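Using our numbering, read the sequence shown as starting at 1 and increasing by one per residue. Where a beta carbon is used, it is the ideal one built from N, C-alpha and C, also for glycine. What you are looking at is a predicted structure, and each value in this text was computed from that prediction instead of being measured. Working notes for the structure below.
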Amino acid sequence: MIVRRRWTAAATTAILISAALSHPGSAAAAPAPAATPITLAATETALVRVQLRDQAQLDRLVATGADLANRPRARDGRILADLVLTGAQLADLTAQGATATQIVQRAGDGSRHFADSVRAAQARTAAGLRAPGTGQRTTAAVGVDTLAVQQAYWWTTGGQTFLQAQVATTATDDPDVEITVSWRTADGTTGSFPLYRFEDSGEYQYHYNLPQPMPSRPVQLTATSSLGGVSRAVTPALWPNATPPPLPAGYQKDFIDAYLTPVDIQARIKRLARQYRDLVDVIDLPNKTQGYRRNAVAYLGDPAVSAVVVESVRFGDQGMNGVQVRAVDPGRPNRPLTVGYRDRVLTVTLATDAAGKTVSTTDDVAAAINARQANRFRATVEDGSTGLPMPVAGPARLDDGLQGTEVPAKPWTVQALRLGVHRDGSRVGVLAYSQEHAREWATPLVTLEFAERMLANARTDPATRQLLEQVDIFVIPTVNPDGANYSFNDYNFQRKNLVNHCTGPARDPRYRTSWGVDVNRNYTVGSYFDGYVGASANCLSGSYAGTAELSEAESGNVIALAKAHPNIKFAMNVHSYGGYFMWPPGAYRADGRITLPRPSIDESTLFLNSARRIVGAIAQERGTVTWPSQTGPVADVLYSAAGNSADQLYYELGIFAWDFEVGNDRWNPATGEWEGVGFQPPFDEAHGESQEYAGGLVELVRVARDHAAEAATG
Ligand SMILES: [Zn+2]
C-alpha cells in the first residue's frame with residue numbers, strides 16, 4: 001500500500017557535499033601504473049578519473065564547484081573521483097598530489113562517437129540490415145571492536161566471479177581501524193583483501209571495497225579488524241538472485257542504431273504514434289522550454305586589458321545576432337558620455353576633458369548603456385576591468401555563439417509518449433523519463449528502446465500485450481532538449497539547461513559553458529532552498545538549483561505530468577553513468593546528516609526486492625551486474641542530491657520513484673581495474689546500455705503490474 005505524505009522543511013543555508021573514503025593506514029600506497037600515459041593539453045577539457053590525495057582535496061574541489069561525475073570511490077585506500085576538467089586544472093591537481101588514472105572521455109570524443117554512430121546506421125540501412133539489500137548480519141565480539149558483516153554477495157559475469165563485502169566496526173570514531181576480509185572457495189582456495197573506511201558528511205558509514213575477482217564461487221567469508229575484532233564466518237549470498245522470465249522466441253528488440261538528438265527524438269515520437277495508433281498518445285507537456293537560444297553578446301574592448309560585456313536583451317535569433325557595438329572618441333573637448341542606437345549599431349561616445357582626452361571608465365560606459373538602452377541591451381564590466389579607462393573600441397558584432405544549424409531557434413515543446421490499451425487512468429501507471437542532464441546521451445536510447453519494445457511486441461507476444469492491457473506507461477525521452485541540443489552542437493559536457501540566471505560578471509561569455517540550471521536539483525522536496533546538501537546557489541556550479549523550487553520549465557513538466565495522471569504509482573528517472581540503482585531518500589541535511597524520512601520497512605522491502613528483479617533483468621542482456629554497494633537509497637550509495645525529482649515524486653505524490661545510472665563500469669581483466677564508460681561512450685557501449693536497461697524498464701512494468709494485482713486482491 002502506498003502511503004501518501006506531504007513533507008515540508010524550513011529554509012536554511014546549504015552546505016557542501018562531503019563524501020569521503022579514507023584509509024590512513026595505506027595513505028602512502030603507490031597508485032597502480034596507468035596502462036597508457038595520461039596527457040591533456042592545458043585548454044583541453046576531458047572527463048578524467050583522478051585518484052585524489054586526501055579528503056581535504058575533495059572538499060576543496062566541491063567547494064569550488066567542481067563537476068563531479070559520480071560518487072568518489074575507494075581505490076587502494078584513496079579517493080577516486082571522476083571529474084570534468086581542463087588540462088590546466090588537472091595539472092594543478094597533480095601538483096597537489098593527485099594522480100590521473102583514466103581519461104574516460106575527451107571533449108572531442110562525443111561528436112566523434114555521434115558521427116560514427118550515424119555513419120554506421122546509414123551503412124546498415126544501405127545494406128538493408130537492422131542494428132545489432134542486505135545480506136547476513138552477523139556479529140561476534142572477540143577483540144576491542146565488534147564487526148558486523150552487513151553485506152556479502154557474489155556473482156559471476158563474463159566468466160569471472162566477483163565478491164563484494166560491506167562490514168561495520170563498532171569503533172566508529174577510530175579512523176585508523178583496518179578491516180581485512182578473508183575468503184574461501186569450495187575447493188579450499190583462500191585469499192584476502194582490505195576494506196576501506198567510508199565516511200559521508202563526516203560520519204562513519206561502514207568499510208567496503210570494489211567487487212574483487214575470485215577464482216571461483218566463495219563459500220565462506222570472515223572479517224578481522226586491526227583492533228582484534230573478528231566477525232563470525234558467513235556464506236556470501238548470490239546477487240541479485242532474481243531472474244525474470246526469458247525472452248520468448250521471436251521477441252523483437254534492438255530499435256536503436258545511432259545516438260539520437262532532440263530533433264531525432266521528436267521524429268521518433270511522431271513515427272511511433274503513427275505506426276501504433278491504437279496504443280499510443282503523444283502528450284505535449286505544458287511548459288515550453290526557452291529553446292536552443294542565447295542572448296547575443298560581444299566584448300567592447302579587449303578582455304585581456306579592459307572591456308565591457310554588452311549583450312542583447314532579446315535572444316540572438318530575434319534579430320540581434322550581427323548588431324554592432326562601438327566606443328568612439330568624439331574628437332572634441334568637454335563632451336559628455338552619450339549612447340545612441342541607429343541602423344543596428346550601438347555607439348558609445350566617450351566623455352572628454354578640457355584637453356580633449358577621453359575620460360570615461362568601463363563602469364561609466366556599462367552604467368550609461370544600462371540607463372539609456374535598457375530595453376535593448378545589458379552591459380557589465382568585464383571581470384578585472386572595473387575602474388579602468390574605457391578604450392576606443394569596436395565595432396564588435398554581437399552573436400549568440402550557438403553552433404547548431406539544424407536546431408529550430410524557438411521555444412521547445414517537450415513531449416511524452418503514453419502507451420497502453422486502456423489510456424484512461426484505470427490502470428496502474430509507470431513513468432520513465434530521461435535526459436534531465438543534457439550530456440547523458442545514452443539515456444533517451446534506453447527509454448525509446450523500452451517504448452518501442454512494448455509497442456512492437458504488443459502485436460506478436462501475448463505477454464507484452466497483457467502488460468499493455470494492465471499498465472498505463474508514460475515516457476519522456478528527453479526532459480532537457482535545449483541542454484541536449486547544446487551538448488550535441490556546442491559543448492558536449494553540458495549538464496544543465498540553457499537558462500542563464502547569472503547576473504553581473506558571471507554573465508561574461510567566457511563562462512558560457514557553465515550557465516544553466518541543474519534540472520534535477522530544481523524540485524521541491526529536500527531542496528537546496530530547504531537546507532539540504534548537494535545543490536548550489538552559484539549560477540556557474542554544475543549543480544545550480546535555480547532561482548526557486550520549480551523555477552524551470554523542464555522540472556515543472558515532469559511534475560505536471562505526474563500530477564495530471566494520479567494513476568502513476570511507479571517512476572524511473574534514467575541518468576548516466578556509473579551503474580547505480582537507487583531510491584529515496586535522496587538528500588540529507590549536512591548538520592548531523594539527517595536524511596529525508598526513511599521509507600517504512602514494507603516499502604523498503606518493496607524497493608529492494610523490486611530492485612533485485614530489475615537488476616536481474618538488466619543482467620540478462622550482456623551480463624552487466626549492478627553492484628550491491630550501488631543498489632540502495634540515493635543518499636547512502638551515491639551522494640546527497642538536494643531537490644531531485646524522485647524525492648518529490650515519492651514524498652509529495654506517493655510514487656515509488658527510482659533512479660538508474662546506466663553505464664556500469666567494465667572490468668578490465670588485463671589491468672584488474674574497473675573502468676568508467678563516461679557520458680558519451682563509443683556507440684557500441686551506448687547501444688549495449690540501451691538494450692540492457694530497456695530490459696530493466698520492462699521488468700519495472702511487471703513489478704507495477706504485480707503490485708497492482710496484489711493491491712486488488714488485498
Ligand atoms: Zn544525471
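Residue of Leu85, Thr101, Ala42, Ala91 minimising C-alpha distance to glutamate 673: Thr101
Span separating the alpha-carbon of tryptophan 721 from that of tyrosine 153: This structure cannot settle anything about residue 721, because the visible part of the chain is limited to 1 through 714.
Supposed contact pair threonine 460 and glycine 250 - C-beta distance, whole angstroms, cut 8 Å: 6 Å
Closest by C-alpha distance to cysteine 539, when choosing among Ala571, Leu498, Val558: Leu498
Among Lys288, Ala458, Ile476, nearest to glutamine 470 - alpha-carbon criterion: Ala458
Outcome for arginine 137 when other beta-carbon atoms lying within 10 angstroms are tallied against a minimum of 16: Residue placement at arginine 137 is poorly supported in this model, since its pLDDT is 39, which falls under 50; the coordinates still yield a value, given next. That one is exposed.
Touch test, the stretch 573-592 against the stretch 434-451, Cβ-Cβ under 8 Å, three pairs minimum: yes
Residue span of the beta strand (DSSP E) that contains glutamate 661, given as start and end: 656-664
Beta-carbon contacts of glycine 678 that lie in its chain and below 7 Å, excluding the five residues immediately before and after: Leu47, Val104, Gln105, Tyr577
Runs of beta strand (DSSP E) wholly within the stretch 204-277 (minimum 3 residues, chain order): 212-214, 218-225
Helix, strand or coil at lysine 357 according to DSSP, with G and I counted as helix: coil
Local conformation of glutamate 603 per DSSP, three classes: helix
Nearest-angstrom Cβ-Cβ length linking alanine 642 and alanine 545, presumed shorter than 8 Å: 7 Å
Buried versus exposed, by CB contacts within 10 Å (16 or more), histidine 437: buried
Assumed close pair tyrosine 580, glutamate 661 - CB separation to whole angstroms, cut-off 8 Å: 4 Å
contact_flag[the stretch 423-437, the stretch 474-484] where n(CB pairs < 8 Å) is 3 or more: yes
Range covered by the beta strand (DSSP E) that runs through leucine 300: 295-302
Best match in Trp658, Ile256, Ile594 for proximity to valine 615 [C-alpha to C-alpha]: Trp658
Validate contact between the stretch 282-300 and the stretch 412-421 using beta carbons, cut 8 Å, 3 pairs: yes
Element boundaries [beta strand (DSSP E), containing proline 194]: 190-200
Residue closest to glutamine 252, alpha-carbon to alpha-carbon, out of Pro462, Gly228, Phe315: Pro462
Beta carbon of phenylalanine 493 nearer than 8 Å to that of threonine 146: no
DSSP three-state assignment for valine 392, whether helix, strand or coil: coil
Residue environment, aspartate 284, which counts as buried when at least 16 other CB atoms sit within 10 Å: exposed
As assigned by DSSP and simplified to three states, the class of arginine 512: helix
Valine 305 and alanine 366 closer than 8 Å at C-beta: no
Same chain, Cβ closer than 6 Å to alanine 704, five either side skipped, listed in chain order: Val428, Val430, Val471, Phe570
Integer-rounded CB distance, given that alanine 296 should sit under 8 Å from methionine 320: 4 Å
Residues that DSSP places opposite alanine 617 in a beta bridge: Bridge partners of alanine 617: none, in fact.
Best match in Arg274, Leu350, Gln373, Ser360 for proximity to tyrosine 341 [C-alpha to C-alpha]: Gln373
Identity of the residue in Gly331, Asn375, Ser610 nearest valine 698 by Cα: Ser610
Range covered by the beta strand (DSSP E) that runs through aspartate 82: 78-86
Sufficient close CB pairs (3 or more, under 8 Å) joining the stretch 174-190 to the stretch 682-695: no
Alanine 223 versus Leu210, Ser192, Thr713, Glu452, residue with shortest Cα-Cα distance: Ser192
Status (buried if at least 16 other CB within 10 Å, exposed otherwise) for histidine 113: buried
Closest by C-alpha distance to glutamate 554, when choosing among Val519, Gly663, Ala535: Val519
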